[in-house]
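*Asks:* In full-length UniProt numbering, the protein residues as written are 1 to 90.
Pasting a structure below so you can have a look.
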């Protein structure tokens with residue numbers, strides 16, 4: 001399995017929670033243990049990227065979270081282009 005950075009995992013969680021979902025679905029969708037899940041949910045909630053609805057017991061990606069996803073994907077694309085250009089020279 002490929003190593004995933006903290007940003008990779010946060011982005012995956014935010015994508016899963018886009019329209020609102022349960023803790024269990026996030027855990028299975030992002031391939032995390034319960035301990036890891038708690039750590040990442042706290043991080044994302046504390047930074048305003050996720051919100052939690054106590055009525056529905058669902059996590060949802062906030063506007064800040066959506067902005068993070070967009071920035072992360074732009075950076076990821078830049079590295080992909082750089083790798084492709086570099087491998088053609090080699």
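C-beta atoms are modelled at their ideal positions from N, C-alpha and C, and glycine is treated no differently.
Given the structure is predicted, the values throughout are model-derived calculations rather than measurements.
Any chance the stretch 45–52 sits against the stretch 61–69, with 3 or more Cβ pairs inside 8 Å?
*Replies:* Yes, the stretch 45–52 touches the stretch 61–69.
*Asks:* Would you mind working out which of 39, 12, 5, 4 sits nearest residue 70, comparing C-alpha positions?
*Replies:* The residue with the shortest Cα to Cα distance from residue 70 is 12.
*Asks:* Should residue 119 and residue 29 be called a contact, given that it needs their Cβ atoms to be closer than 8 Å?
*Replies:* Since the first residue shown for the chain is 1 and the last is 90, residue 119 is missing from the structure and cannot be characterised.
*Asks:* How would you call residue 78, buried or exposed, if buried means at least 16 neighbouring beta carbons within 10 angstroms?
*Replies:* The residue in question, residue 78, is exposed, as its Cβ has fewer than 16 Cβ neighbours within 10 Å.
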